[in-house]
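A quick write-up on the structure given underneath.
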Amino acid sequence: MKQITSVQNPFIKSLLLLQEKSKARKQSGTFLIEGKREIELALRGNYELETVLFLREFISEKQIGQFLADGIQPIEINKEVYQKLAYRDTTEGIIAIAKVKSLSLSDLKLPENPLILIAESPEKPGNIGAILRTADAAGIDAVIIADPKSDLYNPNVVRSSVGCLFTNQIATGSTAETIAFLKEKNIRFYSATLQNSTSYHTQDYTLPTALVVGTEATGLSKPWRDEATQNIIIPMHGQIDSMNVSVAAAILIFEAKRQRGFSM
């Protein structure tokens, strides 16, 4: 079995670039996944692994075997190399190199009566991760990131989503492309915005529905506000007029799930 014990190894340096640079991930078509649970979820989500690196102090060669399908190379690394690559303070001793997936709107497989969340231009990986966790918890049909500002394979997105990057159907596209997609599929969409809005709980989300949220700083762009089936608002009773985008998304999603009897 191959072993690597130096952080100066060219292969390890290439993995550090995958951690740090979106350009490197796009050029190679690969990204890193840290942690046993996250790797298991990636495999369930039909992600393809290329290589598995492990630290024998924390995980055995036998345990690594469950991740080694045909063609996947195991590499034993030492603690110094692992700590250089790992993002977490807690250690599980395993990191995988995985191939990225297509995130095209045309790849989405939607049921007859879908419930979709759309987030326009979320910038913070932590917010994206929280949105994906909520989407997984609610069991919605897809998450679309419109006009993305962050690379979804950023290690902070992988980490903050606790693997829910792999459990959701996800697509990206421009705002114009996403609106055209919704119209083509006859999916009504409700835009969370302050302008010309009605309270979110007054609307019917039991038909094919997309819920659209924007950033706290700038909100949704004009096309989302102008072309929505209805603009909606979460009533605020304090001193501020907005809340964290992932919290707002959770409120809207679970109202839609409540209306659908938590079964659709």
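Counting along the sequence shown from 1, when you hit position 35 you're at 384 in the numbering used here, and nothing is skipped either side. Just so you know, even glycine gets a beta-carbon here, dropped at the ideal spot from N, CA and C.
For this session: Assign Y539 to one of three DSSP states: helix, strand, or coil.
Result: strand
Exercise. Considering only the beta carbon of each residue, do Y554 and E472 sit closer than 8 Å?
Worked result: no
Exercise. Cα separation between T564 and R537?
Worked result: 21 Å
For this session: Note the first and the last residue of the continuous beta strand (DSSP E) segment covering P423.
Result: 422–426
Exercise. Out of Q376, K411, A435, which has the shortest C-alpha to C-alpha gap to N427?
Worked result: A435
Exercise. Beta carbon of A599, beta carbon of T483: below 8 Å?
Worked result: yes
For this session: Pull up the DSSP beta-bridge partners for T558, would you.
Result: L464, R537
Exercise. Out of curiosity, what's the CA-to-CA distance linking V596 and A479?
Worked result: 8 Å
Problem set entry | Distance, E399 Cα to I494 Cα | 27 Å
Exercise. Are the beta-carbon atoms of L543 and G568 separated by less than 8 Å?
Worked result: yes
Problem set entry | Cutoff 6 Å; reference L365; Cβ partners in own chain excluding five residues on either side | none
For this session: Could you tell me the distance, in whole angstroms, from the CA atom of I413 to the CA atom of T354?
Result: 18 Å
For this session: May I ask you to verify whether the region 516–529 touches the region 440–449, counting CB pairs closer than 8 Å and requiring at least 3?
Result: no
Problem set entry | Between the CA atoms of I581 and I528 - distance to the nearest angstrom | 17 Å
For this session: Indicate the three-state DSSP secondary structure (helix, strand or coil) for N505 in the structure shown.
Result: helix
For this session: Within 10 angstroms of the Cβ of Q588, are there 16 or more other Cβ atoms? Answer buried if so, exposed if not.
Result: exposed
Exercise. Three-state secondary structure (DSSP) at V594?
Worked result: helix
For this session: Return the first residue and the last residue of the alpha helix (DSSP H) that I388 is part of.
Result: 385–393
Problem set entry | Exposed unless 16 or more other CB atoms sit within 10 angstroms - verdict on G420 | exposed
For this session: Over the uninterrupted alpha helix (DSSP H) stretch that includes A435, give me the two end residues.
Result: No alpha helix (DSSP H) holds A435; DSSP gives it neither H nor E.
Problem set entry | Terminal residues of the alpha helix (DSSP H) in which N476 lies | 474–487
Problem set entry | Proximal residues to R508 (C-beta, below 6 Å), its chain only, five neighbours per side dropped | Y436
Problem set entry | Neighbourhood of T524 by C-beta distance below 7 Å, restricted to the same chain and skipping five residues each side | E469, A495, D496, S570, P572, W573
For this session: May I ask you to report which of helix, strand or coil DSSP gives F416?
Result: helix
Problem set entry | Cα-Cα separation between K433 and E461, rounded to whole angstroms | 47 Å
For this session: Please classify S371: does DSSP put it in a helix, a strand, or coil?
Result: helix
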